[in-house]
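Residue numbers (this note's numbering): 6 to 97.
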């Protein structure tokens, strides 16, 4: 299973019925924004629930979430030792 954020749908208008290589064109969701801390936290929480089995959608807890990878990188990177942690706060 793949979960994606920031995608509204798939435009299949010009897709040929007999062309299995053409799936269509992604329609991006311009309102999606990962910058707010509550959005990052919601994604982190979902990934953690999937990973630890609290949501039974995943076989053998095999979960890959880019935001968990980012969290681990921030925790292990000496350049981020100034107290940065997830969720990140927009400093602008």
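Heads up, the beta-carbon is just placed ideally off N, CA and C, and yes, glycines get one too.
These figures come from a predicted structure and were not determined experimentally.
Excluding the five sequence neighbours on either side, which residues of its own chain have a C-beta within less than 7 Å of the C-beta of residue i, listed in chain order?
{"i": "residue 68", "result": "52, 55 and 56"}
{"i": "residue 11", "result": "33, 34 and 37"}
Which stretch, first to last residue, makes up the alpha helix (DSSP H) that contains residue i?
{"i": "residue 48", "result": "42-56"}
{"i": "residue 73", "result": "71-81"}
Mapping DSSP to helix, strand and coil, what is residue i?
{"i": "residue 15", "result": "strand"}
{"i": "residue 91", "result": "coil"}
{"i": "residue 39", "result": "coil"}
If residue i sits next to residue j, beta carbons under 8 Å apart, how far is it from one beta carbon to the other, in whole angstroms?
{"i": "residue 15", "j": "residue 31", "result": "6 Å"}
If I measure Cβ to Cβ from residue i and keep anything under 8 Å in the same chain, skipping five residues before and after, which residues do I get?
{"i": "residue 40", "result": "95"}
Does the region 39-46 come close enough to the region 13-28 to have 3 or more Cβ pairs within less than 8 Å? no
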